[in-house]
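In what follows, a structure is listed as structure tokens, so that the remarks can point back to it.
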Amino acid sequence: MLKHTNLVIKILIALILGCNFHKNKISSTSYLPHHTSITSLLKKLKLDGHLSFHNIHHASKDFGNRYSFLPAAVLYPKSVSDISNLISYIFQMGPTSPLTIAPRGHGHSLEGQAQAHQGVVINMESLGISQEMHFHIKENTNTPFVDVPAGKLWINILHESLKHGFAPKSWTDYLHLTVGGTLSNAGISGQAFRHGPQINNVYQLQVVTGTGEVVTCTEKQNSDLFYGVLGGLGQFGIITRAHISLEPAPKMVKWMKVLYVDFTTFTKDQEQLISSNSSFDYVEGFVLINQTGLLNNWRSFFKNKDPAQASRFVSEGKTVFCLEIAKYYKQEDMGTIDQVML
Ligand SMILES: Cc1cc2nc3c(=O)[nH]c(=O)nc-3n(C[C@H](O)[C@H](O)[C@H](O)COP(=O)(O)OP(=O)(O)OC[C@H]3O[C@@H](n4cnc5c(N)ncnc54)[C@H](O)[C@@H]3O)c2cc1C
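Structure follows, in structure tokens:
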């Protein structure tokens with residue numbers, strides 16, 4: 000019975016939030032209610048935060064700059080109930096309502112995923128500002144974690160975690176992205192070969208479903224919802240909080256970048272590094288195409304005193320492959336770390 004109810008709820012969620020997925024196909028506004036009627040309907044909502052109907056053009060843009068759909072309103076929530084009230088209100092309008100909703104993290108999507116054509120965009124960073132992070136770091140626990148609002152940027156989580164001597168286990172390269180935004184994708188960087196992507200490093204989520212219900216889910220509790228929202232691009236519910244797995248932050252890191260001109264050697268080395276029991280903590284591969292100034296940028300591997308070796312990798316007009324590897328170590332290992340790396 001419970002299984003059946005869950006299935007019905009999941010289908011409802013998909014139907015409601017699925018409208019968002021197809022929003023790019025909406026080419027005419029003729030079957031949308033008149034803008035002013037949407038505005039007056041939404042104005043009836045009682046909120047801790049607020050809805051904005053003006054100066055909302057930023058919500059029709061994203062990093063990709065390829066799609067631009069103007070919403071009718073942007074919600075700046077101050078509480079989870081703001082999100083839940085909005086969704087249940089729209090849910091009660093019934094299945095024929097064309098009003099769509101999209102949660103927006105930092106807007107670094109490429110194809111309009113966080114936009115809602117004539118609908119409501121929920122500014123998740125607003126919730127990230129009004130809510131706190133809570134650290135759960137008991138001594139001798141194997142599972143330290145931080146409970147964060149989904150609108151927080153990873154860079155802020157890193158800064159706060161470091162104050163406690165901890166850091167999340169799995170990262171993206173770029174940290175000005177929200178927790179909800181990357182957990183709705185995957186969240187991949189050089190730690191994924193060891194810990195899995197960010198979606199593998201979450202213990203618990205708080206989610207507002209397509210009916211407006213606030214549900215806690217884990218691997219064992221409401222697991223359909225848990226696995227639906229992780230990597231779900233906002234189609235199965237809106238993540239409002241997440242428990243992110245932590246580990247003690249390394250004190251020192253040796254970082255190395257290796258350039259290759261031969262693809263086969265590059266992939267062979269990378270496969271060996273991630274599949275062997277090597278003790279590296281970070282391994283990531285890149286393809287660099289037509290990069291200029293490769294040897295002079297801040298991530299350059301070569302020392303000025305080694306121009307002969309550096310000249311082999313003049314990359315202008317060429318494809319060059321790069322392995323970035325890092326190893327965490329302690330002060331007492333300083334004398335041996337260079338040998339370990341080589
Ligand atoms: C410069 C740059 C560097 C990047 N580097 C990496 C990288 O190293 N590794 C990697 O894995 N990815 C990387 N990405 C991709 C990035 O992880 C995704 O684009 C991610 O979705 C962006 O997060 P955001 O906070 O900007 O989310 P948004 O773009 O705002 O939203 C992304 C999607 O998630 C949904 N969403 C947002 N918040 C929530 C929520 N709380 N609950 C449910 N759904 C939600 C949105 O509706 C949308 O569908 C990079 C992107 C850029 C532009």
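Numbering (numbering that gives the first Met the number 0), first residue to last: 0 to 341.
Backbone N, C-alpha and C define an ideal beta-carbon position, used for all residues, glycine too.
DSSP bridge partner residues for Arg103 (one or two, in chain order): According to DSSP, Arg103 bridges with Asn122.
Arg240: CB within 7 Å of a non-hydrogen atom of ligand 2: Ligands in the displayed structure: ligand 1; ligand 2 is not one of them.
Helix, strand or coil at His49 according to DSSP, with G and I counted as helix: Strand.
Segment limits, beta strand (DSSP E) that includes Lys168: Run containing Lys168: none; DSSP gives neither H nor E here.
Cβ-Cβ separation, Ser169 to Gly186 (assumed contact under 8 Å), whole Å: Going by Cβ atoms, the distance from Gly186 to Ser169 rounds to 6 Å, so yes, they are a contact pair.
Buried/exposed call for Asp47, threshold 16 Cβ in 10 Å: Exposed is the call here.
Three-state secondary structure (DSSP) of Tyr327: Reduced to three states, the DSSP call for Tyr327 is strand.
Whole-Å CB distance - Lys326 paired with Ser278, under 8 Å assumed: In this structure Lys326 touches Ser278 by the C-beta definition: roughly 7 Å separates them, less than 8 Å.
Touch test, the stretch 199 to 218 against the stretch 247 to 254, Cβ-Cβ under 8 Å, three pairs minimum: In short, these stretches do not touch, since the Cβ pair count stays below three.
Three-state class that DSSP yields for Arg240 in the structure shown: Three-state result, Arg240: strand.
Closest residue to Gly104 among Ala58, Ser67 and Gly334 (Cα-Cα distance): It is Ala58.
Distance between beta carbons of Phe68 and His116, contact taken as under 8 Å: Contact between His116 and Phe68 holds: their C-beta atoms lie close to 4 Å from each other, under 8 Å.
Buried or exposed by the 16-neighbour rule on C-beta atoms within 10 Å, applied to Ala72: By the Cβ-count criterion, Ala72 is buried, with 16 or more other Cβ atoms from all chains shown falling within 10 Å of its own Cβ.
Proximity test, Gln190 beta-carbon vs ligand 1 heavy atom, cut-off 7 Å: In this structure, ligand 1 has no non-hydrogen atom nearer than 7 Å to the beta-carbon of Gln190.
Check: Gly233 C-beta below 7 Å from any heavy atom of ligand 1: Yes, Cβ of Gly233 sits closer than 7 Å to a heavy atom of ligand 1.
Sufficient close CB pairs (3 or more, under 8 Å) joining the stretch 256 to 267 to the stretch 213 to 220: Taking 8 Å as the limit for Cβ pairs, the verdict is that the stretch 213 to 220 does not touch the stretch 256 to 267.
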